[in-house]
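Everything on this sheet refers to the single structure shown next.
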Amino acid sequence: MQMKSRKALTNALASWGEHEAKGRLAGKVRVDTANPMACVEFALLIRSPYVARILLRDPQAVFEVELDAADIGNLVLSDGRSVEAWQADTAKENGESAAHVQRLIQEPVDGASKGHLICAATLVQGDPAQQLSDIVLYDGWHRAAAFLERVRLARAKSIHGYLVLTRTADHYLPAGR
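If you number the sequence shown the way this note's numbering does, the last residue is 179 and the count never jumps.
And the structure:
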């Protein structure tokens, strides 16, 4: 994972809200996506359970990052599964999520990487290598799954995200994580 630049948590939330307003909810909601604070408010309203989980972890810093396939393979979804396990389960169900992943795979070059992934990790204290705990993916499950397939097809190398570094782990991950 390559850290690009330090950002504020509001940058991540604004990006998240904008992505939701322009994505699956386009035409269904009216959000001024040119106004970052309106986008932050929208993210807080529609993704409040995930935002709360991130805030309960005590955020310390936020970075804009670039992730590659190995990074995506190491992510833990907020329900405890890996991206690949979620993708396999979704494909078996053959519902709207599977269709959405397929649409993202087929989109032009930048299609599957529109919008930042939203992740959080705990910095392991006292580790000279500054290792991160499990990196939890809160938003971007479909994009992450599509990205892995696009890498397999040699159509992508990296995807952008926000990484929130926190003081504590996500205590709401299912047992066994």
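C-beta: ideal position from N, C-alpha, C; glycine also.
Quick caveat, the model's predicted, so the values are computed rather than measured.
Query	Result
Residue interval of the alpha helix (DSSP H) (run including V53)	50-58
Candidates H162, K6, A40, A123: closest to R59 by CA position	A123
Exposure label - K9; buried when at least 16 CB within 10 Å	buried
Residues that DSSP places opposite S7 in a beta bridge	E66
Buried/exposed call for R154, threshold 16 Cβ in 10 Å	exposed
Segment contact flag, the stretch 151-168 with the stretch 45-55, C-beta cutoff 8 Å, min 3 pairs	no
Beta-carbon spacing of K116, E66 below 7 Å	no
Within 7 Å, strictly: CB atoms of D91 and V138	no
Pairwise C-alpha distance: N37 and S72	Reading off the sequence, residue 72 comes out as Ala, not Ser. Taking the straight line from one Cα to the other gives about 34 Å.
N76 to S84 span [Cα, whole Å]	7 Å
Test item: CB-CB of H144 and H102 under 7 Å	yes
Reduced DSSP category for T168 - H, G, I as helix; E, B as strand; rest coil	strand
C-alpha gap between T252 and H21, whole angstroms	Outside the displayed range of the chain (3 to 179) lies residue 252, so it cannot be described from this structure.
Q104 beta carbon less than 7 Å from that of A147	no
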